[in-house]
Amino acid sequence: MSDPLDAAAPATNLLADVQGAQAGHLYVVATPIGNLGDLAPRALAVLRSVDRICAEDTRTSGQLLAHFGVAKPLTALHEHNESGIVGGLVEQLRAGRSLALVSDAGTPLISDPGFVLVRAAREAGVPVIAIPGPCAAVTALSIAGIATDAFRFAGFLPSKSSARRERLRELGASPDTVIVYESSHRIADCLDDLVAVLGPARRVCLARELTKRFEQSITLPAAELSAWLLADANRVRGEFVLVIEGAPPADAGRAEHERLLRVLLRELSPSKAAKVAAELSGGRKSELYALAMQLGGSEGVE
Numbered sequence: 001m002s003d004p005l006d007a008a009a010p011a012t013n014l015l016a017d018v019q020g021a022q023a024g025h026l027y028v029v030a031t032p033i034g035n036l037g038d039l040a041p042r043a044l045a046v047l048r049s050v051d052r053i054c055a056e057d058t059r060t061s062g063q064l065l066a067h068f069g070v071a072k073p074l075t076a077l078h079e080h081n082e083s084g085i086v087g088g089l090v091e092q093l094r095a096g097r098s099l100a101l102v103s104d105a106g107t108p109l110i111s112d113p114g115f116v117l118v119r120a121a122r123e124a125g126v127p128v129i130a131i132p133g134p135c136a137a138v139t140a141l142s143i144a145g146i147a148t149d150a151f152r153f154a155g156f157l158p159s160k161s162s163a164r165r166e167r168l169r170e171l172g173a174s175p176d177t178v179i180v181y182e183s184s185h186r187i188a189d190c191l192d193d194l195v196a197v198l199g200p201a202r203r204v205c206l207a208r209e210l211t212k213r214f215e216q217s218i219t220l221p222a223a224e225l226s227a228w229l230l231a232d233a234n235r236v237r238g239e240f241v242l243v244i245e246g247a248p249p250a251d252a253g254r255a256e257h258e259r260l261l262r263v264l265l266r267e268l269s270p271s272k273a274a275k276v277a278a279e280l281s282g283g284r285k286s287e288l289y290a291l292a293m294q295l296g297g298s299e300g301v302e
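Numbering (the UniProt record's numbering), first residue to last: 1 to 302.
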């Protein structure tokens, strides 16, 4: 018997029909991130056939649904009310009603509400079905020209520079590609922080207004990207995705040593911190001691 996931299996294993919603199912439906032509036929069929649609913002989703002639009851589901209404929604599902979950744009739960509902539905034994489609993070990654074999999506960075730099330091220590979202009023400061923390040579892809009329994407060393952004006031407008190249192996190792030493130096002297760090990481004690002193250690700490 052939494996249905085997690439060599007959094409008849693939469904060609567009199915509507089934009773008692929760559908997580991806919607366009800009171009309305990206709404999948199956997504439209599900939205037209469910009993109710849960939307992050009913006004935004209402406009999308109206464009496609979908008239269904809408329930607002966002970070401020999700925990309070999820019980009632699960009861509707258990009673046989079908629900669709959509966000303002893209795939729900990816830096958007819905996790509480999906988890509660699964715990209640309710079938949860993904209706795949656009996702800004994956879309940007696919065109960045930066390694895709291992990546980490980190959502939005902190709004304050100090916290943002600390987050970038943590994320940038990994050899994996990092994907983050950023707003138009913080993008310039974010790139400045990125240069300061990860260095001017770290390659970054900036993608803005993906799938929309004024879509742009460019991959440059961080310092050049910051200058490119500020060269045209129009480039600061819109919604942004940053795809950040992972740290080179040597840099990743140093960053991990720094992280370890910063924790140890809260309680230990540089020499003791270096000794413990060497045992934990396999690094050379002399190099770790020199790094501990650079980080501001004091031999008076015990």
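Beta carbons are placed, not taken as given, at the ideal position from N, Cα and C, and that holds for glycine.
- Collapsing the DSSP output to three states places residue 267 in coil.
- Beyond the five residues adjoining it in sequence on each side, residue 193 comes within less than 8 Å, by CB distance, of 161, 164, 165 and 168 in the same chain, given in chain order.
- A Cβ-Cβ contact shorter than 8 Å links residue 30 with residue 133.
- The closest CA to that of residue 119, considering only 28, 245 and 286, is found on 28.
- Between residue 33 and residue 105 a beta carbon distance of about 5 Å is seen, short of the 8 Å cut, so the two are scored as contacting.
- Using a Cβ distance threshold of 8 Å, residue 102 and residue 121 do not count as a contacting pair.
- Annotation for residue 26: the continuous beta strand (DSSP E) segment containing it runs 26 to 29.
- Residue 182 sits in a strand when the DSSP states are folded into three classes.
- For residue 115, the uninterrupted alpha helix (DSSP H) segment begins and ends at 115 to 123.
- Taking the Cα positions, residue 47 is about 16 Å away from residue 77.
- Taking all protein chains in view, the Cβ of residue 148 is surrounded by fewer than 16 other Cβ atoms within 10 Å, so the residue is classified as exposed.
- Excluding its 5 nearest sequence neighbours in each direction, residue 201 has C-beta neighbours in its own chain below 6 Å: 221, listed in chain order.
- In the DSSP assignment, residue 36 falls outside any beta strand (DSSP E) and carries neither an H nor an E.
- Of the residues 131, 124 and 182, the one whose Cα lies closest to the Cα of residue 45 is 131.
- For residue 282, DSSP records no beta bridge to any residue.
- Relative to residue 238, the option among 245, 216 and 258 whose CA is nearest is 216.
- Contact between residue 187 and residue 141 fails: their C-beta atoms lie close to 18 Å from each other, not under 8 Å.
- Taking one beta carbon from each stretch, the stretch 257 to 264 and the stretch 231 to 248 have fewer than 3 pairs nearer than 8 Å; the two do not touch.
- Residue pairing by DSSP places residue 100 opposite 27 and 53 in a beta bridge.
- Excluding the 5 residues flanking it on each side, residue 25 has same chain C-beta neighbours closer than 6 Å at 98, 127 and 129, in chain order.
- For residue 205, no alpha helix (DSSP H) segment is defined; the enclosing uninterrupted segment is the beta strand (DSSP E) at 203 to 208.
- Per DSSP, residue 146 is not a residue of any alpha helix (DSSP H), being assigned neither H nor E.
- The secondary-structure analysis by DSSP pairs residue 153 across a beta bridge with 179.
- Shown here for residue 289: same chain residues with a beta carbon closer than 7 Å to its own, the five before and five after excluded, namely 270, 271 and 274 in chain order.
- Inclusion of residue 49 and residue 96 in the CB contact set at 8 Å is not warranted, their separation being larger than that value.
- DSSP places residue 92 within a helical segment (H, G or I) once states are collapsed to three.
- Scanning 203, 225 and 184 for the CA closest to the CA of residue 209 turns up 184.
- Take residue 153, set aside five residues on each side of it, and the residues of its chain with a beta-carbon closer than 6 Å to its own are 137 and 179, in chain order.
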